[in-house]
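A.B. asks: First the structure, which I've put down as C-alpha cells, then a few questions once you've had a look.
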C-alpha cells in the first residue's frame with residue numbers, strides 16, 4: 545500500500561512560512577499599539593499636567609524588546625532621564641497631596657480593544 549503525501553509536505557511548508565510571517569506581524573502589532581498608547585498618554589498628560597509639568601508629556605516614550613521565538617513586548621511610559629520624566633509616578637498614581645491623573649492607564653484602556661482585534665486578525669490568518 546502506498547500513499548501520496550506530497551500535499552502534506554506542501555501544507556507543512558506553508559504553515560512554517562505563515563508562522564514566521566505571523567511572528568513579524570505580531571511585532572508590528574505591538575509596535576503600533578505602543579505608538580498609539582504613547583501618543584494618547586502624551587495627549588492626556590498635556591490636558592492634565594498643568595503649568596508645573598508642561599514638558600512632562602515629552603518624556604513619555606516607548607521601547608520595543610524582541611521576544612525569543614518571535615513577537616515583541618513594549619515598555620511605555622515616562623523616561624526618568626528626560627526633563628520632568630521623574631514626575632511620572634506622582635502624576636500617574638498621585639501622592640498624599642495630589643490625586644492620580646491616570647493618563648497612561650486611560651491610554652492603555654483606549655488601545656486595548658484595537659490591539660485585541662489585531663491579535664485576533666493574526667490568529668485568523670494563521671488558521
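Residue numbers (my numbering): 545 to 671.
All residues carry an ideal CB built from backbone N, CA and C; glycine is no exception.
1) Using the C-alpha atoms, what's the distance from residue 557 back to residue 588?
2) Using only alpha-carbon positions, find the residue among 649, 668, 635 and 618 that is nearest to residue 577.
3) Can you tell me whether DSSP reads residue 607 as helix, strand or coil?
4) Measuring only the C-alpha atoms, how far is residue 606 from residue 552?
5) Excluding the five sequence neighbours on either side, which residues of its own chain have a C-beta within less than 6 Å of the C-beta of residue 644, listed in chain order?
6) Could you please give me the residues that DSSP links to residue 574 through a beta bridge?
7) May I have the straight-line CA-CA distance separating residue 660 from residue 591, to the nearest angstrom?
8) Can you list the beta strand (DSSP E) stretches of 3 or more residues lying completely in the region 577 to 664, in chain order?
9) Output the distance between the C-alpha atoms of residue 631 and residue 554, rounded to the nearest integer angstrom.
10) Using alpha carbons as the reference points, say which of 640, 582, 611 and 620 lies closest to residue 568.
11) Here's the rule: buried if 16 or more other CB atoms are within 10 angstroms of the residue's CB, otherwise exposed. What is residue 593?
12) When the Cα of residue 652 is compared with those of 665, 583, 566 and 571, which residue comes out closest?
C.D. replies: The structure says:
1) Start at 1 with the first residue of the chain shown, and residue 588 comes out as number 44. Start at 1 with the first residue of the chain shown, and residue 557 comes out as number 13. Using only the alpha carbons, I get a separation of about 47 Å.
2) What you label residue 577 is simply residue 33 of the chain shown in a count that begins at 1. The shortest C-alpha separation from residue 577 is found at 618.
3) Within the chain shown, residue 607 is the residue found at index 63, counting from 1. In the structure shown, residue 607 sits in a strand (DSSP, three-state: E or B).
4) Here residue 606 is taken as the residue at index 62 of the chain shown, counted from 1. Here residue 552 is taken as the residue at index 8 of the chain shown, counted from 1. Cα to Cα, the separation comes out at about 43 Å.
5) Taking the first residue of the chain shown as position 1, residue 644 is located at position 100. These residues qualify, in order along the chain: 637 and 638.
6) Your numbering for residue 574 matches position 30 in the chain shown. In the DSSP output, where bridge partners are listed per residue, residue 574 has none listed.
7) Numbered from 1 along the chain shown, position 116 holds the residue referred to as residue 660. Numbered from 1 along the chain shown, position 47 holds the residue referred to as residue 591. When rounded, the distance between both Cα atoms is 27 Å.
8) 604 to 610 and 616 to 622
9) The count along the chain shown starts at 1 and reaches residue 631 at position 87. The count along the chain shown starts at 1 and reaches residue 554 at position 10. Going by the C-alpha atoms only, they are around 56 Å apart.
10) Taking the first residue of the chain shown as 1, we reach residue 568 at position 24. Taking only the C-alpha atoms, the option nearest residue 568 is 611.
11) Locating residue 593 in the chain shown gives position 49, where the first residue counts as 1. Buried, because 16 or more other Cβ atoms sit within 10 Å of the Cβ of residue 593.
12) Counted from its first residue, the chain shown places residue 652 at position 108. Taking only the C-alpha atoms, the option nearest residue 652 is 583.
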